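Residue numbers (the working numbering): 18 to 322.
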């Protein structure tokens, strides 16, 4: 294997075409530099330089070898930089799973953007999943971080849960629904209409929050059609197939035929949670959580809006 130090000596002499000046740049005496170049030529099996008492020029083989030597040294420097970033938790791979309704929140987009800008050497993989599957994906190591709306069952110790607060729920109504003309609506009014949810087997944290809200208020839930994406749910509302309760961030989906109205109940919220493994959190996970914390502090609120 070629000695990187000797390649560096060769590159310096090739740039200076003068052993004396090259030795000064390398902080070496000229005789040791000359010996190192001769040793490299012996290893390679060809001369790199033609030398006279007045001039130093590259041989044909030396000219051909020069870009390859430079590429090796550049790659070695890059490898050293990347190794340092890996050791410092500033490079590598990070997998983030998220529930579809969370992708519309400002906190989600701001966090992803801020993290990508601060850690450009991290390959961030984003995986959209149902909240019900995010816990197991974190535990199994398929993802490093989960952004979920579903609280893990009590007694679970494999995952650390950080609550980012609650995001207000709003009613999504077809524009011709009589309730759309009101400034706000009540759950009792909504209970008269079919409720569009994620599929029952989807493991939706949003479904859980809505079901708890109806139970807490002693109201029946009239099941309506279901959609596997928040965009599908809004499309079904526009088609007049029922009403939906969605996080406030969904209002960014300004679909024709859909009107959003706030709820009279200020406690109606969808929680936003971050899930990470309890044991063995990587430096990259810690870095991501640091970005989240900074964004929450700068907003002056622990809630995700």
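We treat Cβ as the ideally placed atom computed from N, Cα and C, and that holds for glycine.
Treat the numbers as computed from the prediction; the structure is a model and nothing was measured.
Inset, instruction - Output the distance between the C-alpha atoms of residue 295 and residue 172, rounded to the nearest integer angstrom. - result: Spanning the two alpha carbons is a distance of roughly 13 Å.
Inset, instruction - Mind checking which residues open and close the beta strand (DSSP E) that includes residue 355? - result: This structure cannot settle anything about residue 355, because the visible part of the chain is limited to 18 through 322.
Inset, instruction - Could you check which residue in 288, 69 and 89 has the C-alpha nearest to that of residue 20? - result: Residue 20 has its Cα closest to that of 89, out of 288, 69 and 89.
Inset, instruction - Report the three-state DSSP secondary structure of residue 128 (helix, strand or coil). - result: It is helical.
Legend entry - Bounding residues of the beta strand (DSSP E) (the contiguous stretch that carries residue 305): Segment 300-316 is the alpha helix (DSSP H) holding residue 305; no beta strand (DSSP E) there.
Inset, instruction - Report the residue from 111, 95 and 45 whose alpha carbon sits nearest the alpha carbon of residue 293. - result: Comparing Cα-Cα distances from residue 293 to each of 111, 95 and 45, the minimum goes to 111.
Legend entry - Own chain, CB closer than 6 Å to residue 231, minus 5 neighbours either side, in chain order: Counting only residues of its own chain and dropping the five nearest sequence neighbours on each side, residue 231 has a CB closer than 6 Å to the CB of 238.
Legend entry - Check whether residue 102 and residue 53 have beta carbons under 7 Å apart: No.
Inset, instruction - Spell out a yes or no on whether the segment 30-43 and the segment 72-80 are touching, meaning 3 or more CB-CB pairs, one atom from each, closer than 8 Å. - result: By the Cβ criterion, the segment 30-43 is in contact with the segment 72-80, since at least three pairs of Cβ atoms, one from each stretch, lie closer than 8 Å.
Legend entry - Distance, residue 205 Cα to residue 273 Cα: Taking the straight line joining both Cα atoms gives about 26 Å.
Legend entry - residue 132 versus residue 306 - alpha carbon distance: Spanning the two alpha carbons is a distance of roughly 10 Å.
Inset, instruction - Determine the burial state of residue 240: buried for a count of at least 16 other Cβ atoms within 10 Å of its Cβ, exposed for fewer. - result: Label assigned to residue 240: exposed.
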